[in-house]
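Enquirer: Below is one structure. I have some questions about it.
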Amino acid sequence: MAILNSFVNDIFERIATEASKLASYSKKSTISSREIQTSVRLILPGELAKHAISEGTKSVTKFSSAGAK
Numbered sequence: 001m002a003i004l005n006s007f008v009n010d011i012f013e014r015i016a017t018e019a020s021k022l023a024s025y026s027k028k029s030t031i032s033s034r035e036i037q038t039s040v041r042l043i044l045p046g047e048l049a050k051h052a053i054s055e056g057t058k059s060v061t062k063f064s065s066a067g068a069k
């Protein structure tokens with residue numbers, strides 16, 4: 001279980017670092033979903049990135065609609 005936890009933490013850290021760089025390059029002080037999606041595309045290979053973005057978008061939509069109730 002510790003290995004899986006370490007793997008997930010590493011991926012999240014890589015995505016956050018890349019998103020931070022992208023926001024910095026475009027002189028923005030906040031990280032938006034666009035930076036996160038671009039980071040995922042840069043870090044994860046092919047189909048894995050497509051599925052990750054699809055699931056992430058679905059989760060954010062579900063979260064947003066749950067908050068509106």
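Counting from 1, one number per residue, gives the positions in the sequence shown under full-length UniProt numbering. No residue lacks a Cβ here, since even glycine has one placed at the ideal position from N, Cα and C.
Flag this pair as yes or no: are the beta carbons of L22 and E13 separated by less than 8 Å?
Expert: In the sequence shown, counting from the first residue as 1, residue 22 sits at position 22. In the sequence shown, counting from the first residue as 1, residue 13 sits at position 13. Contact: no.
Enquirer: Drop a sphere of 10 angstroms on the beta-carbon of A19, count the other beta-carbons inside from all chains shown, and report buried for 16 or more, exposed for fewer.
Expert: Working through the sequence shown from its first residue, we reach residue 19 at position 19. Buried, since its Cβ has 16 or more Cβ neighbours within 10 Å.
Enquirer: Whose C-alpha, out of K27, A16, V8, S29, is nearest the C-alpha of Q37?
Expert: Locating residue 37 in the sequence shown gives position 37, where the first residue counts as 1. Closest by alpha carbon: A16.
Enquirer: Take I53 as the anchor and find which of S64, R41, I11 has the nearest alpha-carbon.
Expert: Sequence index remark: in the sequence shown, residue 53 carries index 53 (1-based). Nearest of S64, R41, I11 to I53, Cα basis: R41.
Enquirer: Identify, in the order they occur along the chain, each residue of the same chain with its Cβ nearer than 8 Å to the Cβ of S29, setting aside the five sequence neighbours on each side.
Expert: To locate residue 29, count along the sequence shown from 1; it is residue 29. For S29, where only same-chain residues beyond five positions count, the Cβ hits under 8 Å are A23.
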